[in-house]
Amino acid sequence: MTHAGALPAWAALLTAFLVLLGAGLTLLGAIGTLRFGSFFERVHAPTLGTSWGTVAIVLASIVRFSALGSRPVANELLIGVFITVTTPVTLMLLARAALYRDRAEGKQGVPARSILRPPRGRNQQGESGGGQ
Amino acid sequence: MTRALPYPILTAALLLTWMLLTSFSPPQFILGGLVAVAASRAMAALQPSKPRLRRWQLIPRLAGIVALDILRSNIAVARIVIQRRGRKRKSGFVAIPLDLRDRTGLAVLACIVTSTPGTAWIEYAQDLNVLLIHVLDLVDEEEWITLIKSRYESLLMEIFE
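Those protein sequences? They're chains A and B, same order as listed.
Taking the working numbering, I'd label the letters of the first sequence as residues 1 to 132.
Taking the working numbering, I'd label the letters of the second sequence as residues 133 to 293.
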């Protein structure tokens, strides 16, 4: 580990900016999770943290350690890749669980499965399918 | 080629991951290569559907479009969060009839839709090939349908189908 004092000014500024940007976006995502009204609105807020919130912090880490060391550091990119690839899994599970619950309770404002019928009337299967 | 390396892209990706996590040196290349080849041959036992990359040249273009769109919607959603409850904002569901059928293409589309703040992948009906998304700031449904279809789906279909 090298000391932070050895970091050139431009790299320090860029790192600070990116860390603040990433942390700020993630914080806004957290605030949004609190403030939004329904489940389906709330599910949008954390994606601030999983998209550019993560990207900015990853870039900050790359800039800092590449400026300190002699070789470019890129292993942080893997964090971004894995977060991007795994977020849909959890989000879809949560969304489908919420959808199933709301449909079972007959809540207003939740689309029935019949909304998925395409506008042109092809041969449809009814709503009787329930879960997949 | 196909016998020894059933999934060349997977093998290359695993090797790259290995070397990013350790170091770019010849010994790690050999060690990572062995692991990657063994792992991708083990993968063949699972017999997953093999993604075909028709026009991989378009991938950087898609990545660029997506990165910019995600940045833009980050700003949009951040603004919505900061705003006081003054402005009327309507969120809602949009059903999008898809033409894309390729499973890998759909997986990439799921990553795009999910990573973009303001849109969430809710449900996909495989029998009807219709996707249900939830949009945080919904003004015009048609606009979202054409956006997803023309901006992402057409490119994904060119790449994967």
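Think of the CB as a built atom: it goes at the ideal place given N, C-alpha and C, for glycine as much as any other residue.
Beta-carbon neighbours of residue i, restricted to chain B and to distances below 8 Å
| i | result |
| --- | --- |
| tyrosine 66 of chain A | Checking the sequence shown, residue 66 of chain A turns out to be serine, not tyrosine. What serine 66 of chain A touches in chain B: nothing, since even the nearest Cβ is about 13 Å away. |
Rounded C-alpha distance that separates residue i from residue j
| i | j | result |
| --- | --- | --- |
| threonine 47 of chain A | threonine 248 of chain B | 7 Å |
| proline 156 of chain A | phenylalanine 39 of chain A | Look at the range of chain A in this structure, 1 to 132, and you will see that residue 156 of chain A is not part of it. |
| leucine 77 of chain A | proline 180 of chain B | 26 Å |
| arginine 211 of chain B | threonine 90 of chain A | 25 Å |
| tryptophan 276 of chain B | leucine 232 of chain B | 16 Å |
| alanine 257 of chain B | phenylalanine 161 of chain B | 43 Å |
| leucine 148 of chain B | glutamate 105 of chain A | 48 Å |
| alanine 67 of chain A | alanine 12 of chain A | 9 Å |
| isoleucine 202 of chain B | leucine 279 of chain B | 14 Å |
| leucine 99 of chain A | alanine 112 of chain A | 9 Å |
| aspartate 234 of chain B | aspartate 259 of chain B | 14 Å |
| leucine 152 of chain B | arginine 96 of chain A | 35 Å |
| serine 205 of chain B | glycine 164 of chain B | 38 Å |
| isoleucine 207 of chain B | valine 169 of chain B | 42 Å |
| valine 213 of chain B | proline 159 of chain B | 50 Å |
| valine 167 of chain B | arginine 184 of chain B | 24 Å |
| valine 110 of chain A | glutamate 273 of chain B | 16 Å |
| alanine 239 of chain B | threonine 84 of chain A | 11 Å |
Delimiting residues of the beta strand (DSSP E) encompassing residue i
| i | result |
| --- | --- |
| tryptophan 253 of chain B | 251-257 |
| valine 267 of chain B | 262-267 |
| isoleucine 228 of chain B | 224-229 |
Range covered by the alpha helix (DSSP H) that runs through residue i
| i | result |
| --- | --- |
| valine 55 of chain A | 54-68 |
| proline 159 of chain B | 158-178 |
| aspartate 201 of chain B | 191-214 |
| serine 189 of chain A | Beyond the ends of chain A as shown, which are 1 and 132, falls residue 189 of chain A; an answer cannot be given. |
| tyrosine 100 of chain A | 77-105 |
| threonine 278 of chain B | 273-279 |
| serine 155 of chain B | Segment: none, serine 155 of chain B is in no alpha helix (DSSP H) and carries neither H nor E. |
| serine 286 of chain B | 286-292 |
| serine 247 of chain B | 235-247 |
Own chain, CB closer than 8 Å to residue i, minus 5 neighbours either side, in chain order
| i | result |
| --- | --- |
| isoleucine 254 of chain B | Phe225, Leu264, Ile265 and His266 |
| leucine 287 of chain B | Leu190, Arg193, Leu194 and Ile197 |
Neighbour-count burial assignment, residue i, 16 or more Cβ in a 10 Å radius
| i | result |
| --- | --- |
| valine 271 of chain B | exposed |
| threonine 86 of chain A | exposed |
| leucine 268 of chain B | buried |
| glutamate 41 of chain A | buried |
| alanine 195 of chain B | exposed |
| serine 172 of chain B | buried |
| phenylalanine 294 of chain B | Only positions 133 to 293 of chain B appear in the structure, and residue 294 of chain B is not among them; the question remains open. |
| alanine 174 of chain B | exposed |
| serine 282 of chain B | exposed |
| arginine 101 of chain A | exposed |
| glycine 22 of chain A | buried |
| phenylalanine 82 of chain A | exposed |
| isoleucine 291 of chain B | buried |
| alanine 45 of chain A | buried |
| isoleucine 57 of chain A | buried |
| alanine 6 of chain A | exposed |
Under 7 Å from the C-beta of residue i: neighbouring residues of chain B
| i | result |
| --- | --- |
| threonine 84 of chain A | Cys243 and Ser247 |
| isoleucine 57 of chain A | Correct list: empty, because the minimum Cβ distance to chain B is about 13 Å. |
| phenylalanine 17 of chain A | By Cβ distance, chain B contributes nothing, its closest Cβ being about 15 Å from phenylalanine 17 of chain A, past 7 Å. |
| isoleucine 133 of chain A | In the structure displayed, chain A extends from 1 to 132; residue 133 of chain A sits before or after that span and is not available. |
Other residues of its chain near residue i: CB distance less than 7 Å, five sequence neighbours each side excluded
| i | result |
| --- | --- |
| tyrosine 284 of chain B | Leu241 and Ile244 |
| glycine 53 of chain A | Gly22, Leu25, Thr26 and Gly29 |
Proximal residues to residue i (C-beta, below 6 Å), its chain only, five neighbours per side dropped
| i | result |
| --- | --- |
| proline 138 of chain B | Ala176 |
| alanine 227 of chain B | Val262 and Leu264 |
| alanine 60 of chain A | Thr15, Leu18 and Val19 |
| proline 72 of chain A | Ser66 |
| methionine 289 of chain B | Leu232 |
| serine 223 of chain B | Leu268 and Leu270 |
| threonine 236 of chain B | Pro183 and Phe292 |
Chain-ordered chain A contacts of residue i [CB-CB under 7 Å]
| i | result |
| --- | --- |
| glutamate 255 of chain B | Arg96 and Leu99 |
| leucine 203 of chain B | Trp52 |
| alanine 210 of chain B | Leu25, Leu28 and Leu48 |
| threonine 149 of chain B | Leu78 |
Under 9 Å by beta carbon: chain A residues contacting residue i
| i | result |
| --- | --- |
| threonine 278 of chain B | Simply none; closest approach about 14 Å. |
Per-residue contacts from residue i into chain C (C-beta, under 8 Å)
| i | result |
| --- | --- |
| valine 43 of chain A | The displayed structure is made up of protein chains A and B, and chain C is not among them. |
beta-carbon residue i near the ligand HEM non-hydrogen atom, thresh 7 Å
| i | result |
| --- | --- |
| leucine 34 of chain A | Only the bare structure without any ligand can be found here, which leaves the ligand HEM out of the picture. |
Contacts that residue i makes with chain B (C-beta to C-beta distance below 9 Å)
| i | result |
| --- | --- |
| leucine 14 of chain A | Those within 9 Å of leucine 14 of chain A in chain B number zero; the least Cβ separation is about 17 Å. |
Chain-ordered neighbours of residue i on chain A, where CB pairs are closer than 8 Å
| i | result |
| --- | --- |
| leucine 153 of chain B | Asn75 and Leu78 |
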